[in-house]
Structure formats: C-alpha cells, structure tokens
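Below: the structure, in structure tokens.
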Amino acid sequence: MIKHLLSITQLSREDVGRILDTAESFREVGTRVIKKVPALRGRTVVNLFYENSTRTRISFELAAKRLSADVINFSTSGSSVSKGESLKDTALTLQAMGADAIVIRHSSSGAPYTLSHWVSASVLNAGDGTHEHPTQALLDLFTIREHFPSFEGLRLAIVGDIRHSRVARSLTFGMAKMGGEVTLVGPPTLIPPEATAWGAGVSHDLDAVLPKLDVCYMLRVQRERQRQQFFPSVREYSRLWGLSRTRVDALPDTAVIMHPGPMNRGVEIASDVADLPRAVITDQVTNGIAVRMSLLYLMLGVDRA
Amino acid sequence: MASNDAPREPRGVSVSGFAERARLLEAPEIRRSVTRIAHEILEKNKGAARVVLVGIAARGDDLARRLASEIEQIEGVRVPVGVLDITFYRDDIGMRAEAPEVHETRIGFDFTDSTVVLVDDVLFTGRTIRAAMDALVDFGRPESIQLAVLVDRGHRELPIRADYVGKNVPTRRDEEVQVRLAEVDGEDAVVVGEKEREPA
Numbered sequence: 017m018i019k020h021l022l023s024i025t026q027l028s029r030e031d032v033g034r035i036l037d038t039a040e041s042f043r044e045v046g047t048r049v050i051k052k053v054p055a056l057r058g059r060t061v062v063n064l065f066y067e068n069s070t071r072t073r074i075s076f077e078l079a080a081k082r083l084s085a086d087v088i089n090f091s092t093s094g095s096s097v098s099k100g101e102s103l104k105d106t107a108l109t110l111q112a113m114g115a116d117a118i119v120i121r122h123s124s125s126g127a128p129y130t131l132s133h134w135v136s137a138s139v140l141n142a143g144d145g146t147h148e149h150p151t152q153a154l155l156d157l158f159t160i161r162e163h164f165p166s167f168e169g170l171r172l173a174i175v176g177d178i179r180h181s182r183v184a185r186s187l188t189f190g191m192a193k194m195g196g197e198v199t200l201v202g203p204p205t206l207i208p209p210e211a212t213a214w215g216a217g218v219s220h221d222l223d224a225v226l227p228k229l230d231v232c233y234m235l236r237v238q239r240e241r242q243r244q245q246f247f248p249s250v251r252e253y254s255r256l257w258g259l260s261r262t263r264v265d266a267l268p269d270t271a272v273i274m275h276p277g278p279m280n281r282g283v284e285i286a287s288d289v290a291d292l293p294r295a296v297i298t299d300q301v302t303n304g305i306a307v308r309m310s311l312l313y314l315m316l317g318v319d320r321a
Numbered sequence: 039m040a041s042n043d044a045p046r047e048p049r050g051v052s053v054s055g056f057a058e059r060a061r062l063l064e065a066p067e068i069r070r071s072v073t074r075i076a077h078e079i080l081e082k083n084k085g086a087a088r089v090v091l092v093g094i095a096a097r098g099d100d101l102a103r104r105l106a107s108e109i110e111q112i113e114g115v116r117v118p119v120g121v122l123d124i125t126f127y128r129d130d131i132g133m134r135a136e137a138p139e140v141h142e143t144r145i146g147f148d149f150t151d152s153t154v155v156l157v158d159d160v161l162f163t164g165r166t167i168r169a170a171m172d173a174l175v176d177f178g179r180p181e182s183i184q185l186a187v188l189v190d191r192g193h194r195e196l197p198i199r200a201d202y203v204g205k206n207v208p209t210r211r212d213e214e215v216q217v218r219l220a221e222v223d224g225e226d227a228v229v230v231g232e233k234e235r236e237p238a
C-alpha cells in the first residue's frame, strides 16, 4: 500500500478496491456496541488543519480513535502558526513529537506533497486548495458501490462549482479510474477550460443530463462566488443549477443523489430533495469514517523499519 | 460488489508456495470428527439451548456451519452461527510489510448469557484465539467461552487449550498444517507440508 495519500491519481484500481473492501469491515465495526478495535494502538495521528473543516476533521478524528490511535488536533488559530511559524517548522515539530500520520488540510494546492518530503510520517491529504480531496472521493466511491454492482459504465454528473472544487477533481479522477462516466455540469464560468482533459464530459444543460444518470452529485456553491461575479444571483443559480423536486422526477428511479456537505438547502439542493430516501448524504458521512479507518489501517498497520 | 458467491476465493492460507508432505485427515474422518464434536458440545452443555457458535474467518466459519447442521440433526435445534474476523485484534499489526488482509465479521445475535463456542480450523500458537476472545467481548459478555478446533498441532505460545479437538497432530514448528474444506477449497482434507521459501 502507498505511504502517503496525496492524490487519488496515485492509486491503482486494485488499491481502490482494497481500500473499499477493507472499509466494509470497518463499516461493520461502526455498528457494534463497542465501536473500537485495537488495530492502531500506540500510533499517533495528527490532524493539521490550516482551513476550518469541522466535518472532515471530526471524521478523521473518529476514524483514528476507533482504531485506538492517539489523536492530536492542531488547528492554526491559537497555535504557533498564528505566531508566524512556517509549515516546515510545524511539520518538523510534529515529526519530533513522533507523529505516525499527519492529516493535513491546507488552502494551498500541493501543501501535502511538500509536507511529505519533510517528514517520515504518512501524510494524508484532507483537501489542498483547489487541487484534491482524495478521501472524499474514496468515501463517495464507497457509497456509490453500496448502490450499484459495478462502476463500469456508471453515469455520474457533478453539478455546480467545478472550478473551485477539489471534490469534483478527485471524484472525476476516481470514477474515471474505476470505469465510470462523468459529466461535469454547471455555468461556463464555473467549469475550468481544462476540465475535458480530466476524462470527463462537460454540459451546460442540467435538464438534458438528468434522465441518463445513475448518480447526481451536487456541489456546495459558495455565496462569495456571486460577489466574484461567477454567477449573477443566488436565485438564478438555484433556478438553473439547483436540484429541485421537479428535476428529481426527471432522474431514473434507481438514481441516487449525493452531496459532500455542508449543504445550502434551497440553493444547490431543495430542502425536501435533501431528505428523500434516495439522497444518501448521511450515508456518505457514515461511510467517511469507515473509509478513513481503512486508509489509516492500511497505511499505518505496516512495518516501515 | 462484495459478493459471497460460492465457491469463494481461498483467503488466508495460500495453496501456492506449499509443498505437501502427508495427508493427515480425509473427508470421511473430517466428517466423523465434526459429528463427534457436535455430540461433545451437546453433552458438555446439556443440550443446545444456550449455545451459539462463532467461527473464526476463514474456514472456522465453515466448520461452525457444519457443526450447527450436525447439532440440528442430533438435537433438532438450530443454533445461531456467527463469523468473526480477528485481524484488527492481532498482536503483529505493524510488524509486516503489508497490513493483514481483513475478512468479514457478522454476529447477528446477542450472546449475553449464552455459551459461545469459538470454532477454528487449526490450533497452533494460540494467538488467534487470544485475539478472538478480545474481539468477542467487544460484542457482549458471554456466560462462558469454549473452543473447538479440527486440528491441534501443538506449539502453544499462550496458556490456551481447546475444549473440543478433532485430531491432535504432532508437528514440527516450521511445518505448515492446511485444512482444506469443500466450501472454500473444493475438497475436504487436512495436509501437512512445508512452506516453500519465496525467492527474495
């Protein structure tokens, strides 16, 4: 297994299969009365978050704790980072404290890659700039696999702010690797010109795409993008790119609806749509813990000596 | 995708890289051993009313299912059967180049106030059973735990013994004992041999 998880592209199809298979066993652990196994007793996992992300950090924290690892949460506010410490010095400090894994979220694309050259610990990318969010893609693949027998030929649309979305990039690469077909849907301003090179199709007509989908994946739209003039108004965005009840009716009966969270109810997804049984958004959260347990187990449960 | 289509892929024991030296048990002997152990379980526990079987993956679960159907034939009672994977409880995680492969765990019943009979194919160092007991108590508090194995090959490293043994087989420490079951391997047999050294 890989030492660092920096990008979904570094994983082979077999690696993804192994991670997801192992995650199934951890999913079962999450249903036990005692949701904890001793697999990583004595290992130390540091959550190093330069951007706020409560859900991803909690998910990693729970994953590590359910494996009996010790967890240190290092957030930048109120720490040495706010006193001007560089990433390198922070990394070397964590190294000196004996961290076995560093989970990093950073606003700069490539920060986890750089970090991986400074430390002997395993580095897990928990989102870097507009680059990638590989553990989100893996938990999405796991959730998709719960509903469909195979990724081969599976049709997925990612709808919304593709340009600024590391989730969209990782999931597109991941689905393409597993044999699925991805269509990126959104206004031209929010789809980067190089998107076709990711192995995905591009569409600016959501209603034309919906009837052919197995998975409809809605992205969170950040309201400040409107101020940056990527779209004229939130209401218009919602009307053109939001998943309304009427649009859900255009989906095939077997299609599922996903969202990486946190949701803007009433903007990219209608509130009643988010609560439909086929909206598997809370499953994604539950599966996220299992997939992160799987990664930590496979990456740290080895002899590096 | 995580299908359990029969015949399942053999996991855990690799058939390749194994030089067979002798066959210790054939299908009829395995069948008689399972039948005898089923009788012994019923005798010792005065029936099957509060007995559950938990097989250790892989192959212990297949043996547990066989024991359950024997018990049903003898006593007319269907005892619950669970499967337990002990990977996360192993004491050698982090000591190999690859993390140990994980199997499925499925214990769909509450065994509080029951006697849990752990079922495994081979009893060797006892470390698997130590891990299994640790795993089991995370699911509940059984009234007691007993151990049934098809083969006891000796060389214990922990103070553990089996309550029910199909056959005691004296072995050398460096030998390998393989239990093959029709459900997984296409035949019933217990063979002893040597692990072939993989070229470095």
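In order, the protein sequence lines correspond to chains A and B.
Quick note: the first sequence, position 51, residue 67 per the numbering used here, numbers continuous.
Quick note: the second sequence, position 183, residue 221 per the numbering used here, numbers continuous.
Cβ atoms here follow ideal geometry from the backbone N, Cα and C, with glycine treated the same way.
Would you say residue i reaches chain B, if we count a Cβ-Cβ gap shorter than 8 Å as a contact?
i, result
"A/V62", "no"
"A/R43", "no"
"A/V307", "no"
"A/V318", "yes"
"A/T16", "In the structure as shown, chain A begins at 17 and stops at 321. Residue 16 of chain A is therefore absent and cannot be evaluated."
"A/T38", "yes"
"A/I118", "no"
"A/Y313", "yes"
"A/V49", "yes"
"A/V53", "yes"
"A/M17", "yes"
Quick one: measure Cβ to Cβ for residue i and residue j, integer angstroms, because I've assumed they're closer than 8 Å.
i, j, result
"B/R218", "B/D226", "7 Å"
"A/R263", "A/D223", "7 Å"
"B/R144", "B/V121", "5 Å"
"A/M315", "A/L83", "Not a contact, Cβ separation roughly 11 Å."
"B/E234", "B/A60", "Wrong, their Cβ atoms sit about 16 Å apart, outside the cutoff."
"B/E136", "B/T153", "Actually they do not touch by this definition, with Cβ atoms about 36 Å apart."
"A/T38", "B/V140", "5 Å"
Mind checking if residue i is an interface residue toward chain A, Cβ cutoff 8 Å exclusive?
i, result
"B/M133", "yes"
"B/G50", "A caution first: B/G50 carries a pLDDT of 41, below 50, which makes its placement in the model too unreliable to give a value."
"B/T143", "yes"
"B/E25", "Nothing can be reported for residue 25 of chain B: it is not among the residues displayed for chain B, which extend from 39 to 238."
"B/E136", "yes"
"B/F177", "yes"
"B/V228", "no"
"B/Y127", "yes"
"B/V140", "yes"
"B/D151", "no"
"B/D123", "yes"
Just the C-alpha distance for residue i and residue j, rounded to the nearest angstrom, thanks.
i, j, result
"A/S41", "B/E142", "6 Å"
"B/N206", "A/V45", "35 Å"
"B/V222", "A/P128", "43 Å"
"B/V228", "B/R128", "25 Å"
"A/R293", "A/I178", "The question names Arg, but residue 293 of chain A is Pro in the sequence shown. The straight-line gap from Cα to Cα measures roughly 26 Å."
"A/M17", "A/L27", "9 Å"
"A/T188", "A/V307", "18 Å"
"A/L267", "A/A173", "11 Å"
"B/G224", "A/S181", "50 Å"
"B/L82", "A/H20", "Looking at the sequence itself, residue 82 of chain B is Lys, so the reference to Leu does not match. Cα to Cα, B/K82 sits roughly 53 Å from A/H20."
"A/E284", "A/R43", "29 Å"
"B/L185", "A/M113", "43 Å"
"A/L229", "B/L63", "55 Å"
"B/I75", "B/R69", "10 Å"
"B/T166", "B/I124", "7 Å"
"A/V183", "B/F177", "36 Å"
"B/I198", "B/A102", "20 Å"
Considering only the alpha carbon of each residue, which of the options lies closest to residue i?
i, options, result
"A/S190", "A/A137, A/F167 and A/H163", "Residue identity differs from the one stated: residue 190 of chain A is Gly in this sequence, not Ser. Of the listed residues, the one whose Cα sits closest to A/G190 is A/F167."
"A/T146", "A/S23, A/L103 and A/G196", "A/S23"
"B/V239", "B/V140, B/A86 and B/Q111", "In the structure as shown, chain B starts at 39 and stops at 238, and residue 239 of chain B therefore has no counterpart that could be examined."
"A/G143", "A/H163, A/S260, A/A137 and A/I120", "A/I120"
"A/R320", "A/S181, A/A117 and A/V201", "A/A117"
"A/E30", "A/H20, A/M194 and A/I50", "A/M194"
"A/A153", "A/V61, A/T25 and A/V201", "A/T25"
"A/S260", "A/L155, A/A286 and A/L21", "A/A286"
"B/H193", "B/D201, B/P208 and B/A169", "B/P208"
"A/V61", "A/I74, A/T302, A/I50 and A/F246", "A/I74"
With 16 as the cutoff for other CB atoms within 10 Å, does residue i come out buried or exposed?
i, result
"A/N68", "exposed"
"A/T159", "buried"
"A/L108", "exposed"
"B/D148", "exposed"
"A/H133", "exposed"
"A/T47", "exposed"
"B/R210", "exposed"
"A/M234", "buried"
"B/V115", "exposed"
"B/R191", "buried"
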